[in-house]
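Reading through the structure tokens given below for one structure.
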Amino acid sequence: MQELPKDACFHCLQPIPRGVELTVDYEQQPRRVCCAGCQAVAETIIEHGLSAYYKHRDLDKPQQTPILPDELNNLDVYDHPDVQREFVRVLDGDMQQAALTVSNITCSACAWLIERELQAITGVDKAVVNLSSQRLQVTWDPNQVSVSEMIKRLAGIGYQALPFQPNQQEQQFSRQRKGFIRRLGLAGLATMQVMMLAFALYFGVVSDLDETTRDYIWAVSLVFATPVILYSAQPFYMGALRALQAKQLNMDVPVSIALLGAYTASVYAVFKGTGEVYFESISMFTFFLLSGRYLELLAKERALRFATNRLTLMPQLATRETEQGNESIAVKQLQQGDVIVVNPGETIAADGELLSAEAWVDESLLSGESLPNRRVTGQTVVAGSINQQSAIRIKVTAAAQQTVLAGIVAMQDSALAEKPQVQQVIDKVAGYFVSGILVIATLTFLSWWWIQPEHALWVTLAVLVATCPCALSLAAPTAITGTIHRLNRQGILVKGAQVLESVKSLDVVCFDKTGTLTEGKFKLVDRIDVADIEYTNALISGMEAFSEHPLALPLKHLSDRPYGFEQQIKLVAGMGLEAVTNKGEHLRLGSAEFIRQWLPEADIEPGYNVILASQSQVLAQLKVEDELREDAAATINKLHRLGVQTQLISGDDMSRVRMVAEQLGIHEYYGQQKPDDKLTLIKQLQQQGKTVWMVGDGLNDGPVLAQAHLSMTFANASDLAKTAADVVILSNKLGSVNDVIESAQKSRVIMRQNFSWALLYNVSVLPVAALGGLIAPWAAALGMSLSSLLVIANSLRLYRE
């Protein structure tokens, strides 16, 4: 790299102004830049791995040096696999998923346009916009469409989309906040100046001024109001244009009509020297509207902070082992199979297999539980956990967007973006409402023009502004966002907003037993052996090595030398395992019912739940016990107090199911249920018109979880159960079932309050503004802004515990 001229900007090579002390890190050294713009661009170039741009440019010709490398001018950079590792998740099959930041979303019409435009592209499976965090989650087939094509498609309709990065979006919100402050400041200063001139006219103090003086005052007001209408009010025009482009009507449409109409009429009056001017109303109207939008932005920023706090706490660097020794490497460059070292107090940067003998990790970032958990060699540790004791070694199994933590954030985004049925109805109503407002405003103008022409314009402006349905559109999204983040803080991950729909008519909660009502931590308490105990232990250990059932855990280590089966072991869902020894002997290991299919007359003792048998005899009977969860009884009792029926549906022996049900006070229980039997029971309840929730964690619970109106499982459940479930309980507390119900009920109450207030305000203010002409445009703007802020403030109550 050539020597950089002294006091020249590292990026643009121009002289650095005196007093500017901005830098960027390049090759582990701070490099001075001339402004924040160059700093941001340089950081982007370096973050995208395009640092070679700085090595090969010609420093002798600074004026001919491009500000950006060609790679960044071309959106194809986002199609590069190394770049995609930072923001793209690989789903089942060939599908991929990513979150994109869309900076200029203003309302539900924007979201509708973006979703419609992307879903029209061949290969895009799903596109959902979250208004609260201004994020777009899109799922697509990379064989049919690329990321750059989708970004270009959005650019074609006026939206700038970039891959979501937590820290970058916080910076974006900071830029938006500063932009709002500039627009607000200009509108506020103009309002004060114009109101000072208009104040005397309101009270008739200068009503006897000659026309020259009056025209002078009008001209000065025009000078102050023009920057407001051209700069401060610009966000409303852009929102209206995008809505009209989508052939939709949003709240920005009547606002823009009101502003431009009042300004045009006022300018006409100034140049004609006759009529009325509304410069003070324009300035004050814009100021109040921007104030409401600014506070709404702050609420969205708070939602973003809750949504991304997990990712922003992830480390940027990791220590990787190499043949030459340890090296520091960017986390996004880690590959599967790398071995990393995590020192005490450091955050684990990737999911992996523990190579050290033991580790104590704090997983509160995922589960909300601050107590450290013990992990031993071979167990999985997840990104975002904090190493509590001595240095540990981890073999990376997943990094970047493939980690458990990234999956949690992706599922949270899906929940935030999904619109419940009530919101879909409100979005449609809001569109019709705006249409109605425009019709009423037209009739109001014509009526007042006939009655009192001098009042027609400002009365119409008041109608357009006062009845704008901003609060109506905010009523549901703000409440849903608050509820989902409230549950996240309690260690509960909600995948969709359907919990809000189903809780209103919840009738029955069905529970699996093992690992759901019980701890799932089994231990062998008794056994009856017929054959040689060492031989049976070897057989049992060898067979259970292929099982994921919690019952298998204490049996996998019965022998130091598990039997090595040459043929594939068969898993019979809900029953057990079937295997063939190397000598051709057929074996079964599982429930008593499973064994009696071979040996109908087998003498199996009650309570012994794991049986090993050949086709000719029972070889061993094992009693494996499990303990009830500490909060199981309290959870069931609370559901009963809420009027919710409970059922226990288990594949376990009927005697054990009856014992657990009686301990917990569950009156309806079913034992020895195969997956198909469980599915039939759920369907029967649904055919009776009941809303059914299912709580389970086993491999055989997947179909039942998918069938129920809402399903829950635990973080340590099988992958199939977690895929099928709508709610994943990260804290592993059964009481979280009641937390979900209570939070959903509170959310519905908040939404009803928001809707009631929004409708009451709009219905009440319309006749006052249209018929009485009692509301000035600036007062209408104030009322509309306060209405929206009340809805936001009411929803923020859900963020509190």
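Residue numbers (the working numbering): 32 to 832.
Every residue, glycine too, gets a C-beta built ideally from N, C-alpha and C.
Nothing here was measured: the structure is a model prediction, and the numbers come from that model.
Close Cβ partners of residue i (< 6 Å) along its chain, the five nearest in sequence each way excluded
i	result
residue 773	none
residue 222	314, 315, 318
residue 267	283, 286, 287
residue 209	none
residue 95	Caution applies to residue 95, whose pLDDT of 49 falls short of 50 and renders its modelled position unreliable; the model cannot decide the point.
residue 387	423, 424
Boundaries (first-last residue) of the alpha helix (DSSP H) holding residue i
i	result
residue 5	This structure leaves residue 5 out entirely; the chain is present only between 32 and 832.
residue 871	The displayed coordinates of the chain run from 32 to 832. Any statement about residue 871 would go beyond what the structure contains.
residue 371	Run containing residue 371: none in the alpha helix (DSSP H); it sits in the beta strand (DSSP E), 370-373.
residue 571	564-575
From the options, residue whose alpha carbon lies closest to that of residue i
i	options	result
residue 119	146, 177, 144	177
residue 829	127, 167, 513	513
residue 469	727, 419, 282, 817	282
residue 405	390, 826, 588	390
residue 739	384, 534, 274, 558	534
residue 130	519, 169, 781	169
residue 735	686, 182, 682	682
residue 312	256, 132, 354	256
residue 737	710, 715, 110	710
residue 672	789, 121, 697	697
residue 658	614, 678, 572, 548	548
residue 758	142, 212, 518, 675	518
residue 625	645, 742, 674, 320	645
residue 186	485, 144, 265	144
residue 109	565, 229, 193, 726	193
residue 542	417, 725, 473	725
residue 796	703, 491, 132, 614	491
residue 412	321, 379, 420	379
Cβ shell of residue i (< 7 Å), same chain only, five flanking positions each side left out
i	result
residue 766	662, 665, 666
residue 174	125
residue 669	769
residue 288	495
residue 717	723
residue 627	633
Endpoints, beta strand (DSSP E) assigned at residue i
i	result
residue 429	423-429
residue 724	722-726
residue 393	389-393
residue 617	617-621
residue 745	741-745
residue 57	53-57
residue 605	Residue 605 -> no beta strand (DSSP E), and no H or E assigned at all.
residue 783	Note, residue 783: premise wrong, no beta strand (DSSP E); alpha helix (DSSP H) at 767-798.
residue 557	554-560
residue 170	166-171
residue 644	641-645
residue 385	382-385
residue 283	First-last for residue 283: 283-303, but that is the alpha helix (DSSP H), not the beta strand (DSSP E).
residue 130	127-133
residue 613	That residue, residue 613, is in no beta strand (DSSP E); it is neither H nor E in DSSP.
residue 404	404-407
residue 662	Segment: none, residue 662 is in no beta strand (DSSP E) and carries neither H nor E.
residue 351	348-353
Contact set for residue i: own chain, Cβ-Cβ below 8 Å, skip 5 residues either direction
i	result
residue 47	38, 39, 40, 63, 64, 65
residue 556	654, 655, 656
residue 778	510, 511, 513, 514, 531, 829
residue 262	214, 217
residue 561	648, 649, 650, 651
residue 340	Only weak support is given to the placement of residue 340: the predicted model assigns it a pLDDT of 48, under 50, and the question is left unresolved by the model.
residue 300	249, 306, 307, 308
Closer than 7 Å to chain B by CB, residue i
i	result
residue 556	Absent from the structure: chain B. Only one protein chain is present.
Whole-number beta carbon distance between residue j and residue i, since they are thought to touch under 8 Å
i	j	result
residue 488	residue 296	5 Å
residue 723	residue 539	5 Å
residue 784	residue 825	6 Å
residue 428	residue 393	That belief does not hold up - the Cβ atoms of residue 428 and residue 393 are roughly 20 Å apart, past 8 Å.
residue 146	residue 160	6 Å
residue 570	residue 594	5 Å
residue 588	residue 572	7 Å
### Runs of alpha helix (DSSP H) lying entirely within the segment 668-721, each at least 4 residues, in chain order
685-695, 706-718
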